[in-house]
Amino acid sequence: GAGVSQSPSNKVTEKGKDVELRCDPISGHTALYWYRQSLGQGLEFLIYFQGNSAPDKSGLPSDRFSAERTGGSVSTLTIQRTQQEDSAVYLCASSSPSGGAVFNEQFFGPGTRLTVL
Amino acid sequence: AQSVTQPDIHITVSEGASLELRCNYSYGATPYLFWYVQSPGQGLQLLLKYFSGDTLVQGIKGFEAEFKRSQSSFNLRKPSVHWSDAAEYFCAVGVMEYGNKLVFGAGTILRVKS
């Protein structure tokens with residue numbers, strides 16, 4: 001079956017512009033995660049959606065970052081007024097519903113490489 | 118706070134040689150531990166995971182890892198490396214208290230000499 005898909009694969013933007021990154025999770029997966037991979041910071045958790053619950057936004061680095069998930073499926077990560085330090089690879093992951101006190105495997109998409117000039 | 122340390126930024130091994138990638142974690146509860154591999158331009162692929170039970174876990178592509186609670190370690194091993202194993206490897210701990218997020222180490226880049 002299809003895995004996690006992300007679009008665009010590459011995005012180049014100018015400082016100060018807004019960007020939107022899209023993630024399509026694996027069908028049936030209720031949990032969706034965004035991570036950021038950058039030089040010097042490694043892989044960082046950004047935000048987590050689980051079903052209809054309020055998202056865990058604890059990893060968002062500033063209020064310029066936001067994300068939404070429509071219909072419990074597709075998610076969009078928005079970065080407003082982009083800065084050069086936002087340049088990174090943004091990875092999306094999804095996992096199946098948790099059946100209990102078990103940490104479910106996260107399946108990752110190929111990522112979106114964002115370059116802010 | 119939860120953290121993962123991968124002390125080796127780069128490792129170079131000859132094809133056919135054995136490999137061990139080190140990982141140490143800091144986590145107060147029973148850890149959920151993972152090793153992921155990332156090839157250039159690709160997403161992360163799960164190699165193996167430890168949740169409980171047997172401390173030696175087998176994964177894909179001939180990899181294994183051993184959980185040692187006393188050393189807070191989860192080292193990845195492979196008895197004979199292939200050129201296609203060249204990639205970046207990430208160790209991670211799963212934190213359930215904060216929405217099942219993964220906390221990653223900095224990664225180890227593996228180079229394979231022919």
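Chains A and B supply the protein sequences, listed in that same order.
Residue numbers for the first sequence follow this note's numbering, so the first one is 1 and each next one is one higher.
Residue numbers for the second sequence follow this note's numbering, so the first one is 118 and each next one is one higher.
Ideal Cβ placement from N, Cα and C applies to all residues, glycine included.
Being a predicted model, the structure only gives us computed values, none of them experimental.
Length of the line joining the Cα atoms of residue i and residue j
i, j, result
"E14 of chain A", "Q80 of chain A", "11 Å"
"Q155 of chain B", "E205 of chain B", "5 Å"
"D18 of chain A", "L114 of chain A", "12 Å"
"R69 of chain A", "K230 of chain B", "45 Å"
"E183 of chain B", "S120 of chain B", "18 Å"
"T78 of chain A", "K218 of chain B", "20 Å"
"F180 of chain B", "V210 of chain B", "18 Å"
"G222 of chain B", "L193 of chain B", "13 Å"
"V4 of chain A", "K178 of chain B", "22 Å"
"S143 of chain B", "G224 of chain B", "16 Å"
"T105 of chain A", "D56 of chain A", "For the record, residue 105 of chain A in the displayed sequence is Glu; it is not Thr. Between E105 of chain A and D56 of chain A, the C-alpha separation is close to 18 Å."
"Q84 of chain A", "V198 of chain B", "38 Å"
"P124 of chain B", "V220 of chain B", "16 Å"
"L21 of chain A", "S187 of chain B", "42 Å"
"T172 of chain B", "K185 of chain B", "7 Å"
"E214 of chain B", "P25 of chain A", "23 Å"
"Q162 of chain B", "P110 of chain A", "10 Å"
Test: residue i CB closer than 8 Å to a CB of chain B
i, result
"G111 of chain A", "yes"
"E68 of chain A", "no"
"Y48 of chain A", "yes"
"N104 of chain A", "yes"
"A108 of chain A", "Reading off the sequence, residue 108 of chain A comes out as Phe, not Ala. Judged by the 8 Å Cβ criterion, F108 of chain A is in contact with chain B."
"A2 of chain A", "no"
"F65 of chain A", "no"
"Y33 of chain A", "yes"
Span of the beta strand (DSSP E), counted from its first residue to its last, around residue i
i, result
"E183 of chain B", "E181 to K185"
"A67 of chain A", "F65 to R69"
"L117 of chain A", "Where L117 of chain A is concerned, there is no enclosing beta strand (DSSP E), given that its DSSP letter is neither H nor E."
"Y142 of chain B", "N141 to S143"
"E137 of chain B", "L136 to L138"
Opposing strand residues paired with residue i [DSSP bridges]
i, result
"L173 of chain B", "B:E183"
"A204 of chain B", "B:L227"
"K15 of chain A", "Paired residue(s): none; K15 of chain A is not in a bridge."
"Q218 of chain B", "The amino acid occupying residue 218 of chain B in the given sequence is Lys; Gln does not appear at that position. Looking at the DSSP assignment, K218 of chain B forms a beta bridge with B:V212."
"F151 of chain B", "B:K166 and B:A209"
"E44 of chain A", "A:R36"
"A31 of chain A", "A:Q50 and A:S95"
"E20 of chain A", "A:T78"
"Q6 of chain A", "A:C23"
"A92 of chain B", "Nothing can be reported for residue 92 of chain B, as the shown portion of chain B is limited to 118 through 231."
"A88 of chain A", "A:L114"
Chain A within 8 Å of residue i, Cβ atoms only
i, result
"G145 of chain B", "no"
"K166 of chain B", "yes"
"G133 of chain B", "no"
"F191 of chain B", "no"
"Q119 of chain B", "no"
"Y142 of chain B", "no"
The ligand NAD heavy atom lying under 7 Å from the CB of residue i
i, result
"F180 of chain B", "Ligands in the displayed structure: none, and consequently the ligand NAD is not present."
(request) With 9 Å as the limit, tell me which residues of the stretch 210-224 of chain B have their beta carbon closer than that to any beta carbon of chain D; keep them in chain order. (result) Within the model displayed, chain D is absent; protein chains A and B are what it includes.
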